[in-house]
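Asker: If you want the numbering used here, it's the 1-based position in the sequence shown plus 13. Questions regarding the structure given below will be posed in turn.
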Amino acid sequence: MTTPIVNGELPGMQISWREVLAYGWLDGPDPWDSLTPPSDPRERIAAVAAGELAIIPIPAEFGGGGGDLVMAASAQRQLGLADPSIAVALNMHMHSVGLLAEHWKRRRDVSWMLLEAIGSGHQLVGSAFAEPGGSANILRSKTRAVRTSSGFRLTGTKFPCSLSSTAELFCLSAQVVDEDIAIVALCPAGSPGLKVEGDWPSLGMRASDTARLELTDVEIDRRLVFHEAPVGTIDDIVIEGLIWFVVLITATYHGVLSSLTELAARSPARCAAHRKLDALVNATAELGTLGAACRDIGHRWSAGTLRGATAMAAAAALRIQLSATTDRVLAGLRPVLGAVAYTRDTPASSLMLDALAAHHHPPSIPLCESLIASAGSGQPLSLDLVP
Numbered sequence: 014m015t016t017p018i019v020n021g022e023l024p025g026m027q028i029s030w031r032e033v034l035a036y037g038w039l040d041g042p043d044p045w046d047s048l049t050p051p052s053d054p055r056e057r058i059a060a061v062a063a064g065e066l067a068i069i070p071i072p073a074e075f076g077g078g079g080g081d082l083v084m085a086a087s088a089q090r091q092l093g094l095a096d097p098s099i100a101v102a103l104n105m106h107m108h109s110v111g112l113l114a115e116h117w118k119r120r121r122d123v124s125w126m127l128l129e130a131i132g133s134g135h136q137l138v139g140s141a142f143a144e145p146g147g148s149a150n151i152l153r154s155k156t157r158a159v160r161t162s163s164g165f166r167l168t169g170t171k172f173p174c175s176l177s178s179t180a181e182l183f184c185l186s187a188q189v190v191d192e193d194i195a196i197v198a199l200c201p202a203g204s205p206g207l208k209v210e211g212d213w214p215s216l217g218m219r220a221s222d223t224a225r226l227e228l229t230d231v232e233i234d235r236r237l238v239f240h241e242a243p244v245g246t247i248d249d250i251v252i253e254g255l256i257w258f259v260v261l262i263t264a265t266y267h268g269v270l271s272s273l274t275e276l277a278a279r280s281p282a283r284c285a286a287h288r289k290l291d292a293l294v295n296a297t298a299e300l301g302t303l304g305a306a307c308r309d310i311g312h313r314w315s316a317g318t319l320r321g322a323t324a325m326a327a328a329a330a331l332r333i334q335l336s337a338t339t340d341r342v343l344a345g346l347r348p349v350l351g352a353v354a355y356t357r358d359t360p361a362s363s364l365m366l367d368a369l370a371a372h373h374h375p376p377s378i379p380l381c382e383s384l385i386a387s388a389g390s391g392q393p394l395s396l397d398l399v400p
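Written as structure tokens, this is what we have:
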């Protein structure tokens, strides 16, 4: 018996733009546990932190979700759909926790205690690597560390830093004074000498709890230091950090751009029907390609088939495509959205501004281009951009 085709479709084949945009991504935990999101951004961050999303990368034996990079990225995409600012803030937590989990899997050292503490307490971890005028290489920091009998004493500035007032811990880097050594450590948010100052005067992503961290003689116990390496060296933790950050941030903005595409699909017609359909098709195709590349890198990394210089080049290429895709999707949807895309405090203009932040996350486009050029020409790779 032949199944009838009605209007060019098989029965049961009807799907939505949302489902097409979500193709290939894993289902993640509900960021709000089906409750109405709190109106205060810090309360929304706390609500997500209390749920299952924030502990996805932590191994199950330490109270976490036992998820890999693709599971973490899928959860970030889902959060990006729901709340871009909170997604960017939690992206930094997911990156730091993923980095710590990768370190433990590789070293099998006492860092399991840190993972267990984070997992059991659902503690938020801010990613405090960015510095004014700093390097993209997390092992080349302007923050200085002095060795003490119990660990290190840190002084420096970290900016911009999301989760600045809501994180219980900060994952950060510093260079040891009089030594060619850099450290990566966790710093408790309540440490004496650590202050949160100002905010990030951004146009979008205003609810990401982003500000400046000032460290003045902050004492760090040596048990909170989970990595030491020569300054500027591209080692495993640098590559892990690059891969995790680029895959997670790409997934986050995939969610933001998918939300904008859905909004355009639901909006009243402001142009010819065929032009609106073309714009939606093109945006969906762009996001489908970006999502496939993002998941492929995540899968190959988790399977152990993507490592070293090849991994860095792949991450750099994905970062370039994130910015390029963002520009093309925004340009294509702007005529469909019409004046609301330029009207203050509308959902469309808010999403437009939030999406533009994709251009301003590290690693920078010039650095990514340099990485790919070096890889292609057989030159040593470096995260230090030569002027």
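Think of the CB as a built atom: it goes at the ideal place given N, C-alpha and C, for glycine as much as any other residue.
(1) Leu182: which of Met218, Ala73 and Gly203 sits nearest, CA to CA?
(2) So, with DSSP's three-state summary, where would you put Lys289?
(3) Going by alpha carbons, who is nearest to Phe142 out of Arg121, His116, Leu92 and Thr170?
(4) Could you work out which residue in Gly146, Gly211 and Ala371 is closest to Val259 when comparing CA atoms only?
(5) Can you give me the C-alpha to C-alpha distance between Leu270 and Asp340, rounded to a whole angstrom?
(6) Can you check which of these residues, Thr318, Leu199 and Ala220, is closest to Ser98 by C-alpha distance?
(7) Does DSSP classify Thr359 as helix, strand or coil?
(8) Label Cys284 either buried or exposed according to how many other C-beta atoms from any shown protein chain fall within 10 Å of its C-beta, with 16 as the threshold for buried.
(9) Taking 9 Å as the cut-off, decide whether the C-beta atoms of Gly139 and Cys174 are in contact.
(10) With respect to the beta strand (DSSP E) encompassing Phe239, which residues constitute its N-terminal and C-terminal limits?
(11) State the DSSP-derived secondary structure class of Val138, mapped to helix, strand or coil.
(12) Taking 7 Å as the limit between beta carbons, can you name the residues of its chain near Glu227, skipping five residues before and five after?
(13) Closer than 7 Å by C-beta to Gly304: which residues in its own chain qualify, once you throw out the five before and the five after it? Chain order, please.
(14) Would you kindly check if the distance between the Cβ of Arg308 and the Cβ of Val110 is under 9 Å?
(15) Hey, how far is the Cα of Ala102 from the Cα of Leu300?
(16) Between the C-alpha atoms of Val238 and Phe75, what's the straight-line distance to the nearest angstrom?
(17) Ala158 and Val189 - do their beta-carbons sit closer together than 9 Å?
(18) How about Ile310 and Leu335: do their beta carbons lie closer than 9 Å?
(19) Hey, how far is the Cα of Glu275 from the Cα of Leu34?
(20) What is the residue span of the beta strand (DSSP E) that Thr263 lies within?
(21) Looking only at its own chain, which residues have a Cβ that is under 6 Å from the Cβ of Ala224, when we skip the five neighbours before and after it?
(22) Measuring alpha carbon to alpha carbon, tell me which of Asp367, Trp314, Ala282 and Arg31 ends up nearest Glu253.
(23) Starting from the Cα of Ser154, find the closest Cα among Pro243, Lys118, Met218 and Asp222 and give me that residue.
Answerer: Reading it off the structure:
(1) When each option's Cα is compared against that of Leu182, the closest is Gly203.
(2) If DSSP states are grouped into helix, strand and coil, Lys289 belongs with the helices.
(3) Closest by alpha carbon: Thr170.
(4) That would be Ala371, whose Cα lies nearest to the Cα of Val259.
(5) Straight-line Cα distance between these residues: approximately 10 Å.
(6) Between Ser98 and the set Thr318, Leu199 and Ala220, the nearest pair of CA atoms involves Ala220.
(7) Per DSSP, reduced to three states, the secondary structure at Thr359 is coil, with no helix or strand assignment.
(8) It counts as exposed.
(9) Yes, the Cβ-Cβ distance between Gly139 and Cys174 is below 9 Å.
(10) Run containing Phe239: Val238 to Pro243, per the beta strand (DSSP E) assignment.
(11) Strand at Val138.
(12) Taking Glu227 as the centre and dropping the five residues before and after it, the same chain places the C-beta of Thr170, Lys208 and Glu210 closer than 7 Å to its C-beta, in chain order.
(13) Taken in chain order, the residues that qualify are Gly37, Trp38 and His267.
(14) No.
(15) A direct Cα-to-Cα measurement between Ala102 and Leu300 gives close to 22 Å.
(16) Roughly 19 Å separates the two Cα atoms.
(17) The answer is yes: Cβ separation under 9 Å.
(18) Taking C-beta atoms as the reference points, Ile310 and Leu335 fail to come closer than 9 Å.
(19) Roughly 9 Å between the two C-alpha positions.
(20) Where Thr263 is concerned, there is no enclosing beta strand (DSSP E), although the alpha helix (DSSP H) around it starts and stops at Asp249 to Arg279.
(21) Exclusion of the five residues before and after Ala224 leaves Ser177, Val209, Gly211 and Asp212 as the residues of its chain whose Cβ lies within less than 6 Å of its Cβ.
(22) Selected option, being the one with the closest Cα: Trp314.
(23) Looking only at Pro243, Lys118, Met218 and Asp222, the smallest Cα-Cα distance to Ser154 is reached by Pro243.
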